[in-house]
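Undergrad: Numbering (my numbering), first residue to last: 10 to 192.
We treat Cβ as the ideally placed atom computed from N, Cα and C, and that holds for glycine.
After the structure tokens below, expect a handful of questions from me.
Written out as structure tokens, the structure reads:
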């Protein structure tokens, strides 16, 4: 009985939270969106060929950190990804790469990283994760998907927040403490 219950709970959680795999070729927009928003730690798919007609339908690449993740989520809502089995380029890491330059303890510095994307961000009060969340919500609201997929995608966007809540709180506290000279 316990094994059966555990298996049922696992299937239920996977159906709600995803299985951690990249399902870019799924026929369901919500599954594609979820696999990018909730499971992706790297944006390697952004290095794939993307049809120019699809890029023209997007909001374009934003001038903030992790805009490539948002672009991929928008593309996932537009349609399936198709894999080309041949390698068209080789991904390499180098010391001047943005994720290397703006990294602290192996994690992106969410306040320095946006400056790489757009130097004018240096003078702005930034809410990086709130920005990503708002762009996910904008993408969902503009997507041509069914009502059930739309609600599912909003749920997955909220799931993104669940995993980032401590950072979201810090993003609100940081400008207040800077303003009050507490930092």
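1) Give the straight-line distance between the Cα atoms of residue 180 and residue 13, rounded to the nearest whole angstrom.
2) Between the alpha carbons of residue 129 and residue 154, how many angstroms are there, rounded?
3) Considering just the uninterrupted stretch of the alpha helix (DSSP H) at residue 161, what are its terminal residues?
4) If you draw a straight line from the C-alpha of residue 98 to the C-alpha of residue 92, how long is it?
5) Going by alpha carbons, who is nearest to residue 32 out of 65, 72, 86, 77?
6) Considering only C-alpha positions, which residue in the set 72, 133, 40 is nearest to residue 161?
7) Output yes or no for whether 8 Å exceeds the beta carbon distance between residue 159 and residue 148.
8) When the Cα of residue 43 is compared with those of 166, 156, 184, which residue comes out closest?
TA: A quick look at the data gives this:
1) Here residue 180 is taken as the residue at index 171 of the chain shown, counted from 1. Here residue 13 is taken as the residue at index 4 of the chain shown, counted from 1. The alpha-carbon atoms of residue 180 and residue 13 are separated by roughly 42 Å.
2) Locating residue 129 in the chain shown gives position 120, counting from the first residue. Locating residue 154 in the chain shown gives position 145, counting from the first residue. Looking at the two C-alpha atoms, the distance is approximately 35 Å.
3) Counted from its first residue, the chain shown places residue 161 at position 152. Its alpha helix (DSSP H) spans residues 156-171.
4) Numbered from 1 along the chain shown, position 89 holds the residue referred to as residue 98. Numbered from 1 along the chain shown, position 83 holds the residue referred to as residue 92. Cα to Cα, the separation comes out at about 14 Å.
5) The count along the chain shown starts at 1 and reaches residue 32 at position 23. Selected option, being the one with the closest Cα: 86.
6) Walking along the chain shown from the start, residue 161 turns up at place 152. When only C-alpha atoms are compared, the closest one is 40.
7) Taking the chain shown and counting its residues from 1, the one referred to as residue 159 is at position 150. Taking the chain shown and counting its residues from 1, the one referred to as residue 148 is at position 139. Their beta carbons are not under 8 Å apart, which means residue 159 does not touch residue 148 by this criterion.
8) On the chain shown, position 34 is the one that residue 43 refers to. Nearest option by C-alpha distance: 166.
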